[in-house]
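A short worksheet on the structure shown next.
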Amino acid sequence: MTRNFYVLIATLGSAALLLGAFGFQHIGGYAPCQMCLWQRWPHAAAIVIGVIVLFGAPRALIWLGALSVAITGLIGVYHAGVEWKYWPGPSSCTGGGMDLGTMSGSDLLSTTAPSGLVMCDAIVWQLFGLSMAGWNAVACAVLLAFWVSAARRSR
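Take the sequence shown: its position 119, counted from the start at 1, is 119 in UniProt numbering, and no numbers get skipped.
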């Protein structure tokens, strides 16, 4: 197999994962949390890098594609760990909200709660025990192998 074949597979893999994320969002109705959005950007970068490499960019750029999927995979591992409560996540999208003991009666009765906020530590979908973040991490490990194989090929 040629270097370009490996790059093509890795690029299409990131494109499939990104399209899948958009499909879950727009067709399935699963709104993304902040960390889900973080995972999308490196996939987009890997797609752009892959296309540039396929059009004849220097071989060294392949390592940037590998770095992109490694970053999104690590974010996926971090996110899955937050979902499973192995470690704390960003305070902006995790936790149970405000301490009820510090709220006034009018705060408790208020109907002006923020809408559209998706908590990063909530698992909204899973398959075989892995959430979307976990599956992203697994898929990125495979894509990383393709990028590294491409980088090690002479042609």
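Beta carbons: idealized from backbone N, C-alpha and C, even for Gly. Everything numeric in this text was worked out from a predicted model, so none of it was measured.
Interface flag, residue i vs chain C, CB-CB below 8 Å
{"i": "Leu64", "result": "Annotation note: the requested chain C is absent from the structure, which comprises a single protein chain."}
Cβ pair residue i, residue j closer than 8 Å
{"i": "Ile75", "j": "Met132", "result": "no"}
{"i": "Leu67", "j": "Val7", "result": "no"}
{"i": "Thr2", "j": "Arg153", "result": "yes"}
{"i": "Gly89", "j": "Cys120", "result": "yes"}
{"i": "Ala30", "j": "Phe22", "result": "Per the sequence presented here, residue 30 reads as Tyr, with Ala not at that position. No, the pair does not count as a contact, with Cβ atoms beyond the cut-off."}
Through-space distance from residue j to residue i, alpha-carbon basis
{"i": "Ile62", "j": "Arg40", "result": "19 Å"}
{"i": "Leu127", "j": "Gly134", "result": "10 Å"}
{"i": "Glu83", "j": "Leu143", "result": "23 Å"}
{"i": "Trp125", "j": "Lys85", "result": "16 Å"}
{"i": "Gly13", "j": "His79", "result": "20 Å"}
{"i": "Val118", "j": "Ala15", "result": "24 Å"}
{"i": "Arg155", "j": "Ala141", "result": "23 Å"}
{"i": "Pro32", "j": "Cys93", "result": "11 Å"}
Close beta carbons around residue i, own chain, < 7 Å, minus the five adjacent residues each side
{"i": "Leu17", "result": "His43, Asn136, Ala139"}
{"i": "Trp147", "result": "Ala10, Ile62, Gly65, Ala66, Val69"}
{"i": "Pro114", "result": "Confidence in Pro114 is poor, its pLDDT being 49 and thus under 50, which makes the residue's placement unreliable; the coordinate value appears in the next sentence. Nothing listed; no residue qualifies."}
{"i": "Trp38", "result": "Ile75"}
For residue i, the residue or residues it bridges with in DSSP
{"i": "Leu127", "result": "Leu130"}
Proximal residues to residue i (C-beta, below 6 Å), its chain only, five neighbours per side dropped
{"i": "Ala45", "result": "Ser68"}
{"i": "Val77", "result": "Ala137"}
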